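Trainee: Same order as they appear, the protein sequences are chains A, B, C and D. Residue numbers for the first sequence follow our numbering, so the first one is 24 and each next one is one higher. Residue numbers for the second sequence follow our numbering, so the first one is 24 and each next one is one higher. Residue numbers for the third sequence follow our numbering, so the first one is 6 and each next one is one higher. Residue numbers for the fourth sequence follow our numbering, so the first one is 6 and each next one is one higher.
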Amino acid sequence: MKTYQDILNLTPTSAENLTAKDFRSAAEVRWCPGCGNYSIIAQLQKTLAEMNIPKEKIAIVSGIGCSSRFPYYMNNFAYHTIHGRAIPIASGLRLARPDLSVWVVTGDGDCLSIGGNHFIHACRRNMNLNILLFNNEIYSLTKGQQSPTSRVGLKTKSSPLGALDDPFEPTTLATGAGATFVARGTATDPKSLQHLMMEAHKHKGASFLEIYTNCLIFNDNALKDFSDKEIRKETTVWLEHGKPIVFGKDNDKGIMMDGARPKVVPLNTGKYSLNDVLVHNKRDSYMAFLLSNMSYDTTLPRPMGVILDLDNIETYLERTEAQLAKHYDHDADLMTLLAGSESWEVK
Amino acid sequence: MKTYQDILNLTPTSAENLTAKDFRSAAEVRWCPGCGNYSIIAQLQKTLAEMNIPKEKIAIVSGIGCSSRFPYYMNNFAYHTIHGRAIPIASGLRLARPDLSVWVVTGDGDCLSIGGNHFIHACRRNMNLNILLFNNEIYSLTKGQQSPTSRVGLKTKSSPLGALDDPFEPTTLATGAGATFVARGTATDPKSLQHLMMEAHKHKGASFLEIYTNCLIFNDNALKDFSDKEIRKETTVWLEHGKPIVFGKDNDKGIMMDGARPKVVPLNTGKYSLNDVLVHNKRDSYMAFLLSNMSYDTTLPRPMGVILDLDNIETYLERTEAQLAKHYDHDADLMTLLAGSESWEVK
Amino acid sequence: MEKKQKTLDNLTIRFAGDSGDGMQLVGTQLSVLSGEYGNDVNTFPDYPAEVRAPEGTLYGVSAYQVHIGSKPITTMGDRIDLMIALNASSLKVNLSNLTENAIIIADINGFDEKNLTLAGYANNPLEDGSLAKYKLVSIDIREELTKALSDLNLMPKDILRSRNIFTLGVVCKLLDRKLDSSFDWLKRKFGQKAKVLEANTRALQCGYDYATNSPEFDTQFIVPPMDKPKGIYRNITGNEAVALGMVTASRLTKMPLFLGSYPITPATEILHFLAGFKKYGVRHLQAEDEIGGICSAIGAALGGNLAVTTTSGPGFSLKIEAMGFAVIAEIPLVIVNVQRAGPSTGIPTKSEQSDLFTAMYGRHGEAPMPILAAQSCADCYDLAIEASRIATKYMTPVILLTDGYLAQGTEPWRLPDIDKLPDLTKYFVTDPEGFQPYKRDEKTLARMFAIPGTPNLEHRIGGLEKQNNGSAVSSDGANHQVMVEIRQKKVDNIANDIPLLEVEGEQKGDILVLGWGSTYGAIKAATDKLRSEGKKVSTAHLRYMNPFPKNLGEILNNFERVLIPETNNGQLSVIIQGKFLKKVHKLNKLMGIPFKAYEIENKVLEMLNQGGK
Amino acid sequence: MEKKQKTLDNLTIRFAGDSGDGMQLVGTQLSVLSGEYGNDVNTFPDYPAEVRAPEGTLYGVSAYQVHIGSKPITTMGDRIDLMIALNASSLKVNLSNLTENAIIIADINGFDEKNLTLAGYANNPLEDGSLAKYKLVSIDIREELTKALSDLNLMPKDILRSRNIFTLGVVCKLLDRKLDSSFDWLKRKFGQKAKVLEANTRALQCGYDYATNSPEFDTQFIVPPMDKPKGIYRNITGNEAVALGMVTASRLTKMPLFLGSYPITPATEILHFLAGFKKYGVRHLQAEDEIGGICSAIGAALGGNLAVTTTSGPGFSLKIEAMGFAVIAEIPLVIVNVQRAGPSTGIPTKSEQSDLFTAMYGRHGEAPMPILAAQSCADCYDLAIEASRIATKYMTPVILLTDGYLAQGTEPWRLPDIDKLPDLTKYFVTDPEGFQPYKRDEKTLARMFAIPGTPNLEHRIGGLEKQNNGSAVSSDGANHQVMVEIRQKKVDNIANDIPLLEVEGEQKGDILVLGWGSTYGAIKAATDKLRSEGKKVSTAHLRYMNPFPKNLGEILNNFERVLIPETNNGQLSVIIQGKFLKKVHKLNKLMGIPFKAYEIENKVLEMLNQGGK
Ligand SMILES: Cc1ncc(C[n+]2csc(CCOP(=O)(O)OP(=O)(O)O)c2C)c(N)n1
Ligand SMILES: Cc1ncc(C[n+]2csc(CCOP(=O)(O)OP(=O)(O)O)c2C)c(N)n1
Ligand code: SF4
Ligand code: SF4
Ligand SMILES: [Mg+2]
Ligand SMILES: [Mg+2]
């Protein structure tokens, strides 16, 4: 069957000379001055321009939240939808339109609280989406309630005596749910963020990129320890595939295995050398569990960068397309289908 | 404030001479003859009788599914609720009534598909529940559709050309969501199952016990490889805290670390000894990730038993109770609360 | 043996037995061969809620009812004329529905000690005379089959497997039907397994011969064929009709079909069918829940697919928030709700029309949506196409209501001539000139629809209120009022684009029976009968629930009294009163099963006796 | 300077400025001190949707309106008599709401080049004569404050922080209010920070003195105190009233309070309050979503707690499936829906009454629920208790509707005498003798309720249909019909246990204005005025939406014409027509804001002019 879309025969516009500016909409940005989200949108606009995809082939879907206002500031096809439901809407769009690059913009509340189920299922199904989680550890749009990434004891409007819940570690949750691409960056590190966005784009299945961002109004500095340019040198480790996992101002510390557990070893005392240090392998899910689980551990640095990138797992869309390739008969006779197996004729 | 419950002053019945039979309701069990669920209910009834808790202090909450019919066959307070919502309902009940032992009975569809969000949040919050997941890798009550634990390619009524989705590994999902007790058993191993139920009960926070069960009608033998008494000796490994992880008919194989990955080594060739073998530590979340991730790996045995049992994480209920202990003033004057900070008198 | 022949204009046959006895199979085949023969047919399968209820129990009974006629048949038959009872329980649960003088064909093997106990019979009803008012024929089918299949070397329990086919043979003889097409059917079914085929072929003949030779069967019942329009026919369930209707609509709109769904009885089969239609290019997602189901459909709709989501009551409740989004974002989407007995889980295997209220009013905010309701199994096909037409033309989500009764029942359906169906091609905007996502077609009020991939039409929409005719988010109060009114008007205006309601019987008068959805069959049967007896009663049947046909108000005014029978607590009644200020009489049934024609007949007679209001 | 004094029976003051200007603070304080003074007061805060809108923009304006009177005041005031405008944008967006001759007090510092541009003014309205018809007083507040605070060594921007307090001082002078209690208030507020306290104390005095000395302020407006019943008063918002009502209900029922909720504007504050009430033993769960919110409440209810879940439109839609479960399981539960402008996300910060339909009809299956609707901020308190009473007494979920307007507005509230409130102790079953979970109280039809922990009362319930008076699951059709009817009757019967509807004005006549919920204030103001002018118009106001008061039908029949003003598209109108077959006249406003009294007045006058229907 030829569909109207086939007939549309739209000639894609050129992707060649696109710049970040082409991705900016006319709408006035209404985030608070100083909000971390400004950097994220700038990095995405730059990355999209780099991607070499016609502008009209990019679709962005968000839920509800400060972060989810994102679509209005973009000059793509973009949909600001329902709290928590960006992922299933984006999934339907992606399955319906394999020609598109589909991005999800979501917050820690939107994605991990009300949208948690869709999120884990998208990970499991390896749904072909790029999911950008804006994690500010708070519900901002609703003016400051605890989110599933808020720390225990945090006093917010809805936890005036301190939050009672342990938070999720988003990268661990994603890995546990079967994600095939898991990465983390921060709004305060623009270059790395662009790199991670590009990596997410290149990964064919579900790409999950957690981005630390600061809500200066309702949870100021919550993630400073891992975002501040100076502090983060000691508190985080930047992962590079195939390279030993080292960190510290002078790369003077490394991660080593101690049975099934990682531990920090100094590399400047002579006792340990680079050879003792664990080498990052982004193609290894055991490594991903180990690394993402380090986030819980205050004695260990928090991993940033690409934690996991499995390139050999079929995606839901690929499998759909494979089934269609095998079974879809564009000229299939509808009457045969309608008649079914038991029909008769009245003459 | 004294509540009616305080006043009720109910004298608990004796828990002393309870037997499995005391937990059987009069209702006729309507599972198919041969259904795996029969064994599970028998083991729970035995375990409850062992627990030394008055019968009326035990509440069971289920969702919808074949497995979720469970409550009707029990002689407790029991609630057969809404598809996917057993966990939040049980959570509310547990928080409202710290004196109860609350059990959730749920299926792979009920818990992991529609109920997925509640499940991961209960794990994260360390909600004080014992969650029994009846995993038959299929939707049975609705007569045979793929579930989130069905294998890729499985032909079911709703996947006549083969399921397109990769399944969840429930223990990995739970661990990634922050669960503090994760275990797995099978309906075909009654003694071990009773043991695991008792362990789940003893754990103070969210206890997640996955139980393999056979739906002979819609997915017969799906889990035979890990349930059959003979086969499972080679395909599974029974975990014991503090003991080396060995398996095989003659305990002739062990799990050893290879960098961050586990591998199988033979213990009967002289090359490796018990000393090389990884020792199970149920108090270690790194270990739990490593073990649960083995389930994906067809070259490794599937872990059964207690994968994780962290005993030092506060539960949501504990924290609630602690806040109440600190702030709750039974004689607090209501008028003060009503008057707020700015009031005036008209005389 | 020579038989008397009795000609009837309709007959209701019920095969009843244990869940494992294959009653659905022979029931279906009887309905097919009756359709081929030229009868009109309506059927209803009736199986237990439990997947495998223990053998022989009352709640484990499975049955299949076939109503055939030489005149149009619209119900499964109020009462059973001929019943096959393969065990004691199946006799017991169906006894109250027999006509006087009904024929009962019982297999004595199902009436042993054990079966009698399970059914709660103290004495064997086949022997204690309690069935005296019926014509009872007890057969030892096991013995008959054992004789007929002796040389096949079958296990005793395999021999028993053909009991159902034996009874089909008996029925064929009693109805004077040739066996040829049933032999062919057996071949198609068991062709791969020679022995099974042989056993069943012989069983069919054996039953036929038994009936031929048995003096107890002294009469054949002839239900002559009727005149039917030419064409290809098949039996179809409502669920299959919805699936096929959506595939057809996809062809007509030239939009690829996408289904987002989550299993739920009794809607799941639509998912089963569509998931299997990859040959026709259908894409689908069995989502994690109903919210994921509808949301993925919304996403597919945004991408330019013909999007549908299917569910039943509890799932419908879960989809409500997302429906509101589809309303404000003005997205084409078909939502199929196969109603079942509520509230909550209720009685999931039973049927009810009790989701009309929530379809009409069940969304926060002012969120009007068109609603259609199928009146028969075959109508599910037509309305799936109609829902797609309205959704795509008016840029709106549309609700299609069916119910468990339609979903699982069957009736013969004449295949449409595909080439004669209207062209519903959906045209997307491609020209940037003057494009605004909320600019509207003057006539339909549909907003402009451009899909991703269209150069220079990039835009942003969402669930926040939008500037009328524009694209910006707007929290301006006056604009909001305008938008609420436009969304209402857009739906109301569809009344100009749907057929007027037709009245059967006199156009003005005393009593109008107004129905909607699946009550059609029973109302039609009852009122046709009453009118044929000279009673003054007219009928009109709603398939468009929102907006209503334009002439509904006028029609209501043309009658003194309006009776609305519904299998709910009076939902349409309240809506009609609210909208037309016309007092209506209610007839409500909430038993999980459809009306019997006589229930409606009796109610009308009662009203006629009472005289004018 | 000597002032003239003008006595008024009411006055509307609006503080308007940028989001960061502290308008909410001074507005609140004015309303408190007016209450203390003896006025009746009604207020409404009006702030931007954005958390921090860029400074000086039109959409960044924040305002607080205070309506005070020496007679009962029920609205926030139709038009502004006295406005403080701290910048150009705040002047512009509020201008259309000024009375003729209104006083505008503008700070010229907010009207510089930059601010004028942001507001889109080509010329400075303070200078171009465009405000000629008002009484404009321009003040350079910065200069005044700089003088007054010069010795405090404050940064210039810290000095500007007190501009709001300065304007409060001005207003106090104009209303002839003593400053004492405001000084105390400042002490309570800033006591910890000596310098800030000093600055604000002086700013208050400075504003007061400025007004005293400025010849431009030649008149003081005296709104005398009114007679009010004795007691302790406070200002209260609807959201706080709900929270306090639930705590009170917990005391009265002797059931511990449990809240399961998920944040959503404008309902979130109820969660904020209750989460902080640990001192009063409140347990709560901020759930992962609205479904988790209501389900945890259901669980707590099963455990014998007084359970409540709070939300707004979109969250209400999500709770629908679980509400149906509470209906069939017959569980006491209070569901608070703070309505906002829909559909979908709509305009989340604006108010609307558009969830009545879904509250009434928005569940699959037949699932009737009692519904209450608060008519004022303080009424939220009473109805939270009433909802709890009905829920626990009748074993049913109850919906309490409020809206964004009530939730955020305030009015003075006289604290109840707790000891005089009725005893609502909930008694659970403890005696095994004759216990059956679905056995009912003959009068209330409430089922027997035993909670876990009660020896020998173990039982099983759920969402499947149950045997009437028993405990077993039942799929029997006849039983289902009985159960549906009982559940309906149980709700209908509550009509015998609620107050009759009262009519203000003549009891029979031409026009009845029938309102519900938050339209009370505007309707009351409008019709009181009309009646005081001798017009024949009566009023009745519904707080019980399901069941309706028993005498509603009769009252409707006592009037020729019924007018229903609603901030929706006519939902109550349709319901009333459907139930009482009485044609109603509609007045619908969907602008996200409440009615102005004059809008209702005008409509009634129009009807009066048209004469009888
Ligand atoms: C169904 C529903 N429930 C609740 C809300 C209210 N709501 C809007 S955004 C939000 C949380 C946003 O938090 P997050 O996703 O972290 O985004 P942020 O504002 O922090 O960027 C909530 C609870 C809603 N809009 N819809
Ligand atoms: C809201 C809702 N959606 C769907 C259903 C239909 N439904 C009932 S049980 C079930 C799946 C059960 O699968 P599982 O949890 O694995 O239980 P099993 O029957 O296999 O034990 C579904 C989809 C429902 N009852 N309610
Ligand atoms: S409230 Fe926080 S998250 Fe929202 S725009 Fe402002 S700074 Fe950003
Ligand atoms: S259908 Fe399967 S899961 Fe359900 S009762 Fe039968 S065997 Fe058990
Ligand atoms: Mg956030
Ligand atoms: Mg299952």
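From the three backbone atoms N, C-alpha and C, an ideal C-beta is built for every residue, glycine too. These numbers were taken from a predicted model, which means no experiment stands behind them.
Report the residue ranges of all alpha helix (DSSP H) runs contained in full by the segment 236-319 of chain C; include only those spanning at least 4 residues, in chain order.
Mentor: 243-258, 273-280 and 295-307
Trainee: Indicate the three-state DSSP secondary structure (helix, strand or coil) for S124(B) in the structure shown.
Mentor: Position 101 of the second sequence holds residue 124(B). Strand, per DSSP.
Trainee: Can you name, in chain order, every residue of its own chain whose Cβ lies under 7 Å from the Cβ of K119(C), other than the five neighbours on each side?
Mentor: Taking the third sequence and counting its residues from 1, the one referred to as residue 119(C) is at position 114. Counting only Cβ-Cβ distances below 7 Å, and skipping sequence neighbours, we find G61.
Trainee: What is the rounded straight-line gap between the Cα of D275(A) and the Cα of R207(A)?
Mentor: Your numbering for residue 275(A) matches position 252 in the first sequence. Your numbering for residue 207(A) matches position 184 in the first sequence. Approximately 22 Å, taken between the alpha carbons.
Trainee: Between the Cα of E148(D) and those of P161(D), K138(D) and V508(D), spot the shortest distance and give me the residue it belongs to.
Mentor: Your numbering for residue 148(D) matches position 143 in the fourth sequence. It is P161(D) whose Cα lies nearest to the Cα of E148(D).
Trainee: Starting from E105(D), trace the beta strand (DSSP E) both ways and give me its first and last residue.
Mentor: Position 100 of the fourth sequence, counted from the start, is the residue given in the question as residue 105(D). Counting along the chain, the beta strand (DSSP E) containing E105(D) begins and ends at L103 to D112.
Trainee: Along the chain, where does the beta strand (DSSP E) containing A82(B) start, and where does it finish?
Mentor: Counting from 1 along the second sequence, the entry for residue 82(B) is found at position 59. Looking at the DSSP string, the run of the beta strand (DSSP E) that includes A82(B) is I81 to S85.
Trainee: Please return the same chain residues whose Cβ sits closer than 7 Å to the Cβ of P289(A), not counting the five positions on each side in sequence.
Mentor: Numbered from its first residue, the first sequence carries residue 289(A) at position 266. The answer, listed in chain order, is D275, K276 and Y295.
Trainee: In angstroms, rounded to a whole number, what distance separates the CA positions of P599(C) and I605(C)?
Mentor: Here residue 599(C) refers to the residue found at position 594 of the third sequence. Here residue 605(C) refers to the residue found at position 600 of the third sequence. Answer to the nearest angstrom: the Cα atoms are 11 Å apart.
Trainee: Is there at least one Cβ from chain B nearer than 7 Å to K259(D)'s Cβ?
Mentor: The residue you call residue 259(D) lines up with position 254 of the fourth sequence. It does: the Cβ of K259(D) has a partner Cβ on chain B nearer than 7 Å.
Trainee: Pull up the DSSP beta-bridge partners for D428(C), would you.
Mentor: Numbered from its first residue, the third sequence carries residue 428(C) at position 423. Looking at the DSSP assignment, D428(C) forms no beta bridge with any residue, so it has no partner.
Trainee: Taking a Cβ distance cut-off of 7 Å, strictly less, list which residues of the segment 408-420 of chain D are near chain B, in chain order.
Mentor: L420
Trainee: Please report the distance separating the alpha-carbon of G318(D) from that of R19(D).
Mentor: In the fourth sequence, counting from the first residue as 1, residue 318(D) sits at position 313. In the fourth sequence, counting from the first residue as 1, residue 19(D) sits at position 14. Cα-Cα distance, rounded: 29 Å.
Trainee: What residues of chain D sit near I18(C), judged by a beta carbon separation below 9 Å?
Mentor: As a first step, residue 18(C) must be located in the third sequence, where it is residue number 13. None at all; the shortest Cβ gap to chain D is about 22 Å.
Trainee: For S181(A) and N244(D), what's the separation of their Cα atoms in angstroms?
Mentor: The count along the first sequence starts at 1 and reaches residue 181(A) at position 158. The count along the fourth sequence starts at 1 and reaches residue 244(D) at position 239. Each residue's Cα considered, the two are about 14 Å apart.
Trainee: Give a yes or no on whether the C-beta atoms belonging to E326(D) and S322(C) are separated by under 7 Å.
Mentor: The sequence position of residue 326(D) within the fourth sequence is 321, counting from 1. The sequence position of residue 322(C) within the third sequence is 317, counting from 1. Closer than 7 Å, so yes.
Trainee: Flag C134(A) as yes when its Cβ comes closer than 6 Å to any non-hydrogen atom of ligand 3, and as no otherwise.
Mentor: Counted from its first residue, the first sequence places residue 134(A) at position 111. Because no heavy atom of ligand 3 lies under 6 Å away, the Cβ of C134(A) does not count as near it: no.
Trainee: How is I161(A) classed by DSSP in three states: helix, strand or coil?
Mentor: In the first sequence, counting from the first residue as 1, residue 161(A) sits at position 138. In the structure shown, I161(A) sits in coil (DSSP, three-state: anything other than H, G, I, E or B).
Trainee: So G320(D) and K355(D) are in contact, right, with Cβ under 8 Å, and what is the actual spacing, rounded?
Mentor: Position 315 of the fourth sequence holds residue 320(D). Position 350 of the fourth sequence holds residue 355(D). Actually they are not in contact, since the Cβ atoms of G320(D) and K355(D) sit about 16 Å apart, beyond 8 Å.
Trainee: Are there 16 or more other CB atoms within 10 angstroms of the CB of Y42(C), so buried, or fewer, so exposed?
Mentor: As a working note, residue 42(C) is residue 37 in the third sequence. Per the 10 Å Cβ criterion, buried.
Trainee: Are there any heavy atoms of ligand 3 lying less than 6 Å away from the beta-carbon of S163(A), as far as the coordinates show?
Mentor: In the first sequence, the residue the question calls residue 163(A) occupies position 140. S163(A): yes, Cβ under 6 Å from ligand 3.
Trainee: On the three-state DSSP scale, how would you describe P94(B)?
Mentor: Translated into positions along the second sequence, residue 94(B) becomes position 71. Note: P94(B) maps to helix in three-state DSSP.
Trainee: Is N237(B) near ligand 6 - that is, is its Cβ less than 6 Å away from at least one heavy atom of it?
Mentor: Here residue 237(B) refers to the residue found at position 214 when the second sequence is read from its first residue. Exclusion of N237(B) from the 6 Å shell around ligand 6 follows from its C-beta lying no nearer than that to any non-hydrogen atom of the ligand.
Trainee: Identify whether S366(A) lies in helix, strand or coil by the three-state DSSP scheme.
Mentor: Counting from one through the first sequence, the residue named residue 366(A) turns up at place 343. The answer is strand: DSSP assigns S366(A) an E or B state.
Trainee: Expressed to the nearest angstrom, what Euclidean distance is found between the alpha-carbon atoms of G309(D) and L357(B)?
Mentor: Counting from 1 along the fourth sequence, the entry for residue 309(D) is found at position 304. Counting from 1 along the second sequence, the entry for residue 357(B) is found at position 334. If you take the alpha carbons of G309(D) and L357(B), they lie about 22 Å apart.
Trainee: Would you kindly check if the distance between the Cβ of E335(C) and the Cβ of Q344(C) is under 7 Å?
Mentor: Within the third sequence, the letter at position 339 stands for residue 344(C). Within the third sequence, the letter at position 330 stands for residue 335(C). Contact flag unset, no.
Trainee: Less than 6 Å between C-beta atoms, sequence neighbours within five positions excluded: which residues of the same chain meet that for W54(A)?
Mentor: Looking up residue 54(A) in the first sequence gives position 31. Shown here for W54(A): same chain residues with a beta carbon closer than 6 Å to its own, the five before and five after excluded, namely N60 in chain order.
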